[in-house]
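Chemist:
In this note's numbering, the protein residues as written are 3 to 178.
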């Protein structure tokens with residue numbers, strides 16, 4: 003969600019700073035999701051091959067670097083701030099695009115290793131929800147149209163996976 007809100011405020015600044023149209027800025031903000039999609043497969047491979055915590059740590063470091071590169075000239079405390087702020091618009095835009103590529107590429111290295119735990123939590127929440135629903139069904143009078151949920155465990159796994167995989171996109175779009 004915070005990234006979505008960052009996009010909105012950043013759009014106003016980018017249109018004036020780089021003389022870009024809103025459409026061009028929209029394409030700019032499409033770079034991270036595209037890179038995320040492409041990097042998801044290697045992130046899964048690294049997650050299977052290496053310690054999940056190491057993959058997440060590397061992803062977080064890369065995301066931090068991506069933010070610094072994407073908007074580094076805004077941070078006056080950085081040692082290279084004067085060099086960046088006095089350079090050409092084209093160079094600063096290129097640096098920002100590189101930062102977006104880093105951000106999008108690093109994202110799956112943070113999210114993918116956490117998916118099993120996120121899915122387990124979602125499955126647990128689904129089970130708790132079913133227990134609450136069952137308890138309410140016993141306590142409250144039912145209509146004849148009420149249908150019992152007899153779905154299999156595989157359906158619950160799919161529900162949990164769908165919930166987990168939609169969280170990132172939902173929060174970013176909600177923030178936007």
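Think of the CB as a built atom: it goes at the ideal place given N, C-alpha and C, for glycine as much as any other residue. Source: prediction; values computed, not measured.
Going by DSSP in three states, residue 132 sits in which element: helix, strand or coil?
Modeler: Residue state, collapsed to three classes: helix.
Chemist: Hey, is the segment 103 to 115 in contact with the segment 59 to 68, meaning 3+ C-beta pairs nearer than 8 angstroms?
Modeler: Enough Cβ pairs lie closer than 8 angstroms, so yes.
Chemist: In whole angstroms, what separates the C-alpha of residue 91 from that of residue 38?
Modeler: When rounded, the distance between both Cα atoms is 26 angstroms.
Chemist: State the start and end residues of the unbroken alpha helix (DSSP H) segment that holds residue 103.
Modeler: Element bounds for residue 103: 91 to 113.
Chemist: If you follow the alpha helix (DSSP H) that residue 42 is in, where does it begin and where does it stop?
Modeler: Segment 24 to 51, the alpha helix (DSSP H) holding residue 42.
Chemist: Three-state secondary structure (DSSP) at residue 69?
Modeler: Note: residue 69 maps to helix in three-state DSSP.
Chemist: Quick check on residue 98: buried or exposed, where buried means 16 or more other Cβ atoms within 10 Å of its Cβ?
Modeler: Buried, since its Cβ has 16 or more Cβ neighbours within 10 Å.
Chemist: Just the Cα atoms here: how many angstroms apart are residue 48 and residue 131?
Modeler: If I take the Cα positions, the gap works out to 34 angstroms.
Chemist: What's the gap between the Cα of residue 24 and the Cα of residue 33?
Modeler: Cα to Cα, residue 24 sits roughly 15 angstroms from residue 33.
Chemist: Can you grab the Cα-Cα spacing for the pair residue 125 / residue 119, in whole Å?
Modeler: Those two C-alpha atoms are separated by around 10 angstroms.
Chemist: With 16 as the cutoff for other CB atoms within 10 Å, does residue 104 come out buried or exposed?
Modeler: It is buried - the Cβ of residue 104 has at least 16 other Cβ atoms within 10 Å.
Chemist: What I want to know is whether the C-beta of residue 115 ends up closer than 6 angstroms to one or more non-hydrogen atoms of the ligand ATP.
Modeler: Because no ligand of any kind appears in the structure shown, any question about the ligand ATP cannot be addressed here.
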